[in-house]
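Taking the working numbering, the leading residue of the first sequence gets 2, the next gets one more, and so forth. To start, the structure under review is shown below, and the notes come after it.
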Amino acid sequence: MKISKSMGNLEIAKLFRAVAAAYALKEEDNKFRITAYERAADAVEHSSSEVKDLWDCGELGSLAGVGSAMTQHLDELFRKGRVKHFDQLFRGLPAAVFELMEIPGIGVKMAYKLCKALGINRTHGAVEKLERAAKRGKVRKVEGFGEESERNVLENIIQMRKRTTRILLPDAYRTAREVIDWLGETGGIKTAEPLGSLRRKASTVGDIDIAVFCERPAGVIKRFTQFPQVSQIIESGTESASIVVSRGIQVDLMVQPERRFGSLLQHFTGSKHHNIALRELALKRGVSLSEKGIKRGSTLKEFSTEEDFYGYLGMDWIPPELREDAGEIEAGISHKLPVLVELSEIKGDLHLHSSFNSEPSHDLGTSSMEDMIQKALTLKYQYVGFSEHNPSVSRHSESEIIDLVKTKREIIEKVNYSFANRGIFVFNGMEIDIKPDGSRALPDKALELLDYAIVSIHGSFGGEKTSQTERVIRAMSHEKVRIFGHPTARKLREREGVDLEWEKIFEFCHKQKKILEINSYPDRLDLPDVLVKEAVKSGVKLVINTDSHEVSAMDLMTYGTSVARRGWAEGSDIMNALKLADFKKELLNP
DNA sequence: GCCGTTTTCGGCCCGACTGTTTTCAGTCG
2 MKISKSMGNL EIAKLFRAVA AAYALKEEDN KFRITAYERA ADAVEHSSSE VKDLWDCGEL
62 GSLAGVGSAM TQHLDELFRK GRVKHFDQLF RGLPAAVFEL MEIPGIGVKM AYKLCKALGI
122 NRTHGAVEKL ERAAKRGKVR KVEGFGEESE RNVLENIIQM RKRTTRILLP DAYRTAREVI
182 DWLGETGGIK TAEPLGSLRR KASTVGDIDI AVFCERPAGV IKRFTQFPQV SQIIESGTES
242 ASIVVSRGIQ VDLMVQPERR FGSLLQHFTG SKHHNIALRE LALKRGVSLS EKGIKRGSTL
302 KEFSTEEDFY GYLGMDWIPP ELREDAGEIE AGISHKLPVL VELSEIKGDL HLHSSFNSEP
362 SHDLGTSSME DMIQKALTLK YQYVGFSEHN PSVSRHSESE IIDLVKTKRE IIEKVNYSFA
422 NRGIFVFNGM EIDIKPDGSR ALPDKALELL DYAIVSIHGS FGGEKTSQTE RVIRAMSHEK
482 VRIFGHPTAR KLREREGVDL EWEKIFEFCH KQKKILEINS YPDRLDLPDV LVKEAVKSGV
542 KLVINTDSHE VSAMDLMTYG TSVARRGWAE GSDIMNALKL ADFKKELLNP
């Protein structure tokens, strides 16, 4: 196991998983040590802060699942770059084992057998070696394998290569809808629901989970495996099945009778960690949970609603967005769950790019202000704000920039006048680039002409944490700057966000009454949910915007609202849940 | 190896599906 100097969370998680695998091969009966390392790996992977940073501050203890032994190992890892105990554990174990485990359907036991029997040792080229062996009919001769599993190995290698990265929410919805439409009313289907991370509204979705409720599962499962775009049937049983559809996306199906609606909904929504925590809690109360219901001894009680299921455990119904085992179970028991913000509470959108030509260096909007305002009226908004990009600095003199901003102000005034009796108010904003040194790409004289400004990072994403933090704080330090737009500047599946000292940012925003944006664009969803939660805890106010460049994008508000909900935000945390009079006061005279 | 609102010892989530070693281990979610 090579560990690089940076030792990020992903690497540490990988190391812990390898340790778990190595213990699994030892055939000791202490299988709980194995799960302990797996759970620690999960905890590290999902930690919102870098484990190395936690170690620096002596706060490793705050990580649930990492106890004294692992703390000691991590201590050794960070000091010396390796852990003697782990090295001993890995001795005699082909490195290729961990490589082969990447193939679906191959776990540590099978990987080890294959490596030993076929003489695969090195990480490099391990999968190709296995593939060649399978093609030559050598895998079927390995103990525990046969012709069928040899075929599966080959097919799974192909699938692994095709496997796509996680997909964005709208794409996941589309695929789920296609599958559900295909199932139609087969087998007397009463309901079919997309669950899993899709229902929890995670920022990206790994696979698509669909629950079906009906009395005759056989026909449904058959129909499911005949989905036109199916590229592989992973498994197909009597009450569940898994397929791979185009682009390598896996779709899992579970079928239960309608009287078990509540328990299957709960089970299949997850998350895995939420379910594990819930089942552990249930055990302490002498009951056992599954998708079929709640068992006390051998008697099964069935649940037709999730509310009843959670209620039986003595807790309030938990909104799917919160089900990550991040305190929601405790809150559910003590009846202290937040009242999450709803899409219907949103009363305005402050990040719109109209087709007004501010002669920017970034993209212009394609819809007129009037069309966007009409759309806002159908969304029952009380206000909108137009925040086109600042005029390009390189192509304009300062006075030209000021003239452009003046022109826009006059247009906004006219627009406001013409919509005056339609019950909507238009704010005059602008989205301003934060330059690498933290200065703004708009002269202060022009800034004065605006109602408000959004500052955001559109370049120089790298760079060191402290200097980036100073950069952002400097950019925000003007009374007209009210909003920090898409704060991490991440692009999902494309680039990581900017590295910032969030505690400092939150503290600054709280003190100076600056607002952090939750950008609703599906490939941004920025501020990310985990940081929303921290921001809310720090008393920072948020605004949910769409960053629309055309009318149709204004419907994306639902995705940003989901991020807010996943961050435990209530209506009172969201600025644009305020009605116009209050919002105006907060925006213009904080 | 972790953890504690019945525990510092004695527990540790649940079940479906698959292929092979015909009674169950391995893998997955």
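Where a beta carbon is used, it is the ideal one built from N, C-alpha and C, also for glycine.
Rounded to the nearest angstrom, the Cβ distance from A112 to V128 is 11 Å, too far for a contact under 8 Å. DSSP places L557 outside any beta strand (DSSP E), giving it a letter other than H or E. Our two residues, Y313 and I519, have alpha carbons roughly 36 Å apart in a direct line.
Around K163, the same chain offers G249 as residues with beta carbons nearer than 6 Å, after the five sequence neighbours per side are excluded.
The beta carbon of E144 lies closer than 8 Å to those of K114, A118 in the same chain, with the five residues before and after it left out. Across the structure, N422 and E465 are spaced so that their CA atoms are roughly 50 Å apart. Of the candidates D404, L405, I474, F426, the residue whose Cα lies closest to the Cα of E414 is F426. The shortest CA-to-CA distance from L365 to any of S345, F387, K348 is the one to F387. Residue burial annotation: L501 is buried, with at least 16 other C-beta atoms found within 10 angstroms of its C-beta. Residues E77 of the same chain have their beta carbon placed closer than 8 Å to that of K85, with the five preceding and five following residues left out of the count.
Burial check for T165: the Cβ neighbour count within 10 Å stays below 16, so the residue is exposed. DSSP places S272 in the coil class of the three-state scheme, outside both helix and strand. Shortest Cα-Cα distance from V45 to any of G66, D57, E60, R34 involves G66. For F228, the closest of A212, D182, K32, G263 by C-alpha to C-alpha distance is D182. With fewer than 16 other Cβ atoms from the protein chains shown falling within 10 Å of its own Cβ, S400 counts as exposed.
Taking a contact as a CB-CB distance under 8 Å, the pair V246 and S232 counts as one, their CB atoms being some 7 Å apart. N358 is classed as exposed because its beta carbon has fewer than 16 other beta carbons within 10 Å across all chains shown. Going by DSSP, H459 is part of no beta strand (DSSP E) at all; its letter is neither H nor E. Note that the C-beta distance between A42 and R18 is below 7 Å.
Here A41 is not bridged, per DSSP, to any residue. Runs of alpha helix (DSSP H) with 4 or more residues, each lying fully within the stretch 399-427, are found at 399-419, listed in chain order. In the DSSP assignment, F357 falls outside any beta strand (DSSP E), carrying neither H nor E. Taking one beta carbon from each stretch, the stretch 572-581 and the stretch 327-336 have fewer than 3 pairs nearer than 8 Å; the two do not touch. Taking R472 as the centre and dropping the five residues before and after it, the same chain places the C-beta of G439 closer than 6 Å to its C-beta, in chain order. Straight-line spacing of the CA atoms in I455 and S355 works out to 15 Å. Closest option to D530, judged by alpha-carbon separation, among A22, M8, S48: S48. About 7 Å separates the beta carbon of A22 from that of M102, a gap short enough to meet the 8 Å contact definition. Look at the beta carbons and you see the stretch 302-312 not touching the stretch 539-550: under three pairs across the two are nearer than 8 Å. Ranked by how close their Cα comes to the Cα of T306, the residues Y560, D317, G298 have D317 in first place.
In the three-state DSSP reduction, A283 falls in the helix class (H, G or I). If you draw a straight line from the Cα of K409 to the Cα of E587, it comes to about 23 Å.
With respect to the C-alpha of P258, the residue from T270, E240, G328 having the closest C-alpha is E240. Residue burial is scored here from C-beta neighbours: F485 has at least 16 other C-beta atoms within 10 angstroms and is therefore classed as buried.
By the 16-neighbour rule on beta-carbons within 10 angstroms, D253 is buried.
In the pairwise beta carbon analysis, the stretch 218-227 is classified as not touching the stretch 288-295: fewer than three pairs are separated by under 8 Å. Residue burial is scored here from C-beta neighbours: I35 has at least 16 other C-beta atoms within 10 angstroms and is therefore classed as buried.
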